[in-house]
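Structure, as C-alpha cells:
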Amino acid sequence: MAEKWLLSGHNTQESSGIARPVTVSMTENGLNHQIQWFLKELGGDISDFDPTLRPTEVVEGYLYLNINYYARNMGSVMPFDPESVGAPRGLVDEVGKVPLSRLIKLPWNYRRVYLWTKNYYQKELPLLDANMRETYWDLQESTEPPLQLIWSIFEPKFYQECRRTDRAHIVAALTITALDGVVRQHAPDLLGLFVGEATATSRLGQRIWELREIAERCGPQVRQRLMDSVTDLEVYEAMPDAAPLVEGIQAFLQEYGHRGFRYEADFETERLADHPEHILIAIAGQLKQEASPSQRAKEAKAAGQQALREKNPLSRYIWRRVLDWGRTLISWREQSKSNIALRQAIYGLSARHLAHYFYPNEPDDILMFYRLNEFLNFARSRGRERVPHERLEQRRAEFELYQKRPAPPELIWYTPETRHWESALADENGNQTAPEKVNHKFHGIAASAGSGPVEGIAIITNDPVEAGYQMLASEEDSIILVTRLTDPAWSSLFGGLTAVVTELGGVISHAAIVARENGLPAVVGVPNITQHIRTGQHLRVDGSEGTVEILSA
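By the working numbering, the letter at position 402 of the sequence shown is numbered 1237, and the numbering carries on one by one without gaps.
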C-alpha cells in the first residue's frame, strides 16, 4: 500500500496562497534548504533521517508543510508539537524521540547556531533592511525600468545576503515552535506571557494608535471626515488642518508600505503602499476606542503574571528565563518576516519592470511563470536566457486551472507516487467535515486567552479593507472577527476587536501572536468556520479552551 503523507497548509498559506511558479519555487527552495540546514546543525549526523521526506510539498499550486517530515525527522532532533502547524495530535501516528547521544550535544550545537542568529538580527539585518527599503521605494516610484538598479539586486552577493534572512528566520521560528509546545504542555497558565514586545508587527498597530492621536489633535473637521469614512488621502492633503496627519501617514507608509494585504511571500500581492485608504479606515476605527492596544495587552497579562508569582522561586526563575527568551525570539521572527516581505516586494516589482522592458506585448506577470533558477538566470544574463514561450503559456494555463478549482483543504493526506490528495478531515464518504461542534459550539486551537472569555457580534470577511469599513459602520462595542486568516495588513484593526477566529493557523500564526500582543482571545485552525457563522450573529469566544459558541441566530 502506497504511503500517505499528512500535509498542513496552516502556516505556509498565511504567506502564500495559490501562487505563480516563481513565488512557489522561491518559497519552497528557501524553506527546504534552511530547515534541513538547521536540523543538521543541531543533530550532527542525521543518517537516521527518513530520506524520502522533504519539509514542504507543492499541491496544485499551494505550498504545504509535510507533517511526516517534522514528526519523524525534526522530532528526533528537538521537541515537536503537531498543533504548532495546525495538525490535531490524533492524526500524527508517530513523533520521533531525541536519542540520548544527540540530546547531550544539543545544547552546544544549538548555542553555536543561536549566537550566529543573534549576531545576524542585531548587527547584519538592520543594515540590510535599510538598504532594501531604499531599493524598494526606488523601484516603487520609477516610471521606467531602472535596469542598473535591478541588475544589482540580482547579483549573487546581494541575493545571498537577502536569503540569509531565511536562515535566521527558520532558527527563530522553529525555536519558538518548540518553546511554545513546552509552555503549552507544562505551564499553560503562562501562555499569555509568551508574546513579543514591540515587534515589527505589533508596532504597526501601535503606530495606528499614534496616528489616531494625531488625528484628534487636527481638530473636529478632520475627525468628522474620518468618522464619515472619507478614505481618499487627497482629500486630507487639501485640508491645512490635516497636514500633521498626512505627514504621519506618509511616514507610516515609508516604514510599512511593503507589508502585504494577503500572502506576503507572493510577488503579486497588493501591499499597503498600494492602498493608503486602509490606513485611514484603521485610524477612524481607533477613534472609537478609549484604551490603547498596549494598555489592553497589559491588562490581559495580569492573570499570567499572577500565575508566575505563585510558582516556587526556582520554577519562577526558570519560567521567567524561558519567557524572556521567547519574547526575544518572537520579536526577531517578526523582524525577519517583515524583511522577507520586503525582499519579495522588491523582486516582484523587478519582475514587472523587466516584463515591461523585455516583453512589452505580453502580460506584465509573464516573468512570474519562470521558476526561481530560471528567473535568476534571466536577470543575470540581462534577459538573454529565456524560457520558451510555449512552456510559459503551459504553466499559465495550469495556474489558471488551479485558480478555478476549489482550493485543497488545509489538512490533506497526500500520496506522493500518484500525487493524489484527499481531505484529512473528511468523513468515510469523502465529504469535508464541519468544524467539530456540540450544540453550536465549535472547537479549534486555543491560541490566545486574552483576559478571558468574551461575547460580541461577528463580522465575517476575508478582506481587511471591508473589515475596516464594517467595524467603522458598526454601532456594537464588541466585535469578533471571523476570517480565513490574518496577516500584517490586519494588524492595524486588532485594536478595535474583542476576539479573533480564523480557519487557518497554528499556535504561532499571525493571528495567535498579534492577538496575544493585543490582549485578545483567539481561536485558530477552525476548518470552514466562515461557512457556519454569519455576520451579525452573537458569539462567545473562549481563547483558553479553543471554543467558539453561537449564542443567537
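Even for Gly, the Cβ is constructed at its ideal location relative to N, Cα and C.
On a predicted model such as this, the values are computed, not experimentally measured, just so you know.
In whole angstroms, what is the alpha-carbon distance linking SER977 and PHE1087?
Rounded to the nearest whole angstrom, the C-alpha separation of SER977 and PHE1087 is 20 Å.
Should PRO961 be labelled buried (16 or more other beta-carbon atoms within 10 Å of its own) or exposed?
By the 10 Å Cβ count, PRO961 comes out exposed.
What are the partner residues of TYR897, as DSSP defines its beta bridges?
VAL894, per the DSSP bridge assignment.
Out of curiosity, what's the CA-to-CA distance linking HIS1345 and SER1283?
Answer to the nearest angstrom: the Cα atoms are 11 Å apart.
Sheet register partners of LEU1316 (DSSP bridge)
The bridge partners DSSP lists for LEU1316 are ILE1294, VAL1335.
Three-state secondary structure (DSSP) of LEU1260:
In the structure shown, the three-state DSSP call for LEU1260 is coil.
Which same chain residues, not among the five before or five after ALA1186, have their C-beta less than 8 Å away from its C-beta?
Its chain contains VAL857, PHE1102, ASP1200, LEU1202, MET1203, PHE1210 as the residues whose beta carbon lies nearer than 8 Å to that of ALA1186, once the 5 sequence neighbours on both sides are disregarded; these appear in chain order.
For the alpha helix (DSSP H) containing LEU842, name the first residue and the last one.
Careful: LEU842 lies outside any alpha helix (DSSP H), inside the beta strand (DSSP E) at 840–843.
Taking 8 Å as the cut-off, decide whether the C-beta atoms of ALA1444 and GLY1287 are in contact.
Beyond the ends of the chain as shown, which are 836 and 1388, falls residue 1444; an answer cannot be given.
Report all residues from its chain with a CB closer than 7 Å to the CB of VAL930; omit the five preceding and five following residues, and keep chain order.
Only ALA906, GLY910, PHE915 meet the Cβ criterion.
Give me the Cα-Cα distance between GLU1169 and LYS953, rounded to the nearest whole angstrom.
Using only the alpha carbons, I get a separation of about 14 Å.
In its own chain, which residues sit with a C-beta less than 7 Å from the C-beta of GLY896, not counting the 5 before and 5 after it?
Closer than 7 Å at the Cβ level, and outside the excluded window around GLY896, lie ILE853, ALA854, VAL859, PHE1234, TYR1237.
Beta-carbon separation of ILE870 and ILE1005 under 8 Å?
Yes, the Cβ-Cβ distance between ILE870 and ILE1005 is below 8 Å.
Could you tell me the alpha carbon to alpha carbon distance between ARG1155 and PRO1023, rounded to whole angstroms?
So the two alpha carbons sit approximately 14 Å from each other.
Considering only the alpha carbon of each residue, which of CYS1053, ARG1151, ALA1350, GLN1179 lies closest to ARG1097?
Relative to ARG1097, the option among CYS1053, ARG1151, ALA1350, GLN1179 whose CA is nearest is GLN1179.
Considering only their Cβ atoms, is the gap separating ALA1013 from VAL913 smaller than 8 Å?
One detail in the question is off: residue 913 reads as Met in this sequence, not Val. At the C-beta level, MET913 and ALA1013 come within 8 Å of one another.
Which listed residue (TRP986, ALA1050, LEU1025) has its alpha carbon closest to that of GLU832:
Coverage of the chain is limited to positions 836 through 1388, which leaves residue 832 absent and any answer about it impossible.
With a 10 Å radius around its C-beta and 16 neighbouring C-beta atoms as the bar for buried, classify TRP1256 as buried or exposed.
The residue in question, TRP1256, is buried, as its Cβ has 16 or more Cβ neighbours within 10 Å.
Helix, strand or coil at GLU976 [DSSP, three-state]:
Residue state, collapsed to three classes: helix.
With DSSP as the reference, identify every bridge partner of ALA1188, one or two as the case may be.
Looking at the sequence provided, one finds His at residue 1188 rather than Ala. Paired residues: none, contrary to the question.
ALA1050 versus GLU1032, MET1074, ALA1035, LEU1039, residue with shortest Cα-Cα distance
For the set GLU1032, MET1074, ALA1035, LEU1039, the Cα lying nearest the Cα of ALA1050 is the one of MET1074.
Using the C-alpha atoms, what's the distance from VAL1359 back to THR1104?
Their Cα atoms are separated by approximately 23 Å.
Length of the line joining the Cα atoms of ARG998 and ARG1106:
Cα to Cα, ARG998 sits roughly 21 Å from ARG1106.
Around the Cβ of ASN1196, are there at least 16 other Cβ atoms within 10 angstroms (buried) or fewer (exposed)?
It counts as exposed.
Would you decide whether GLU1134 is buried or exposed? Buried here means 16 or more other CB atoms lie within 10 Å of its CB.
Around the beta-carbon of GLU1134, fewer than 16 other beta-carbon atoms lie within 10 Å, marking it exposed.
Starting from TRP986 and walking both ways along the alpha helix (DSSP H), at which residues does that stretch end?
Counted as a single uninterrupted DSSP element, the alpha helix (DSSP H) harbouring TRP986 occupies residues 982–988.
Opposing strand residues paired with PRO1248 [DSSP bridges]:
One detail in the question is off: residue 1248 reads as Trp in this sequence, not Pro. DSSP, once it has assigned bridges, lists LEU841, GLU1257 as partnering TRP1248.
In three-state DSSP terms, what is SER1173?
Note: SER1173 maps to helix in three-state DSSP.
Let me make sure I understand the geometry here. Which of TYR1192, ARG1369, VAL1030, ASN944 has the alpha-carbon closest to that of GLY1285?
The shortest C-alpha to C-alpha distance from GLY1285 to any of TYR1192, ARG1369, VAL1030, ASN944 is the one to VAL1030.
Thinking just about the alpha-carbon of each residue, which of GLY1095, LEU900, GLU1082, HIS1224 is nearest to the one in HIS1110?
Measuring from the Cα of HIS1110, the nearest candidate turns out to be GLY1095.
Determine the burial state of ALA1137: buried for a count of at least 16 other Cβ atoms within 10 Å of its Cβ, exposed for fewer.
Counting C-beta atoms within 10 angstroms of its own C-beta, ALA1137 has fewer than 16 neighbours from the protein chains shown and is therefore classed as exposed.
LEU1143 to ARG1151, Cα distance in whole Å?
Approximately 6 Å, taken between the alpha carbons.
In whole angstroms, what is the alpha-carbon distance linking GLY879 and SER936?
C-alpha separation (whole angstroms): 11 Å.
In or out: ARG1042 buried (at least 16 other Cβ within 10 Å) or exposed?
That one is buried.
Which residue from LEU1061, PRO886, LEU1009, LEU1307 puts its Cα closest to that of ASN846?
The shortest Cα separation from ASN846 among LEU1061, PRO886, LEU1009, LEU1307 belongs to LEU1009.
Distance CB(ASP1189)-CB(LEU1028) smaller than 8 Å:
For the record, residue 1189 in the displayed sequence is Leu; it is not Asp. Against a cut-off of 8 Å, the Cβ pair of LEU1028 and LEU1189 comes out as no contact.
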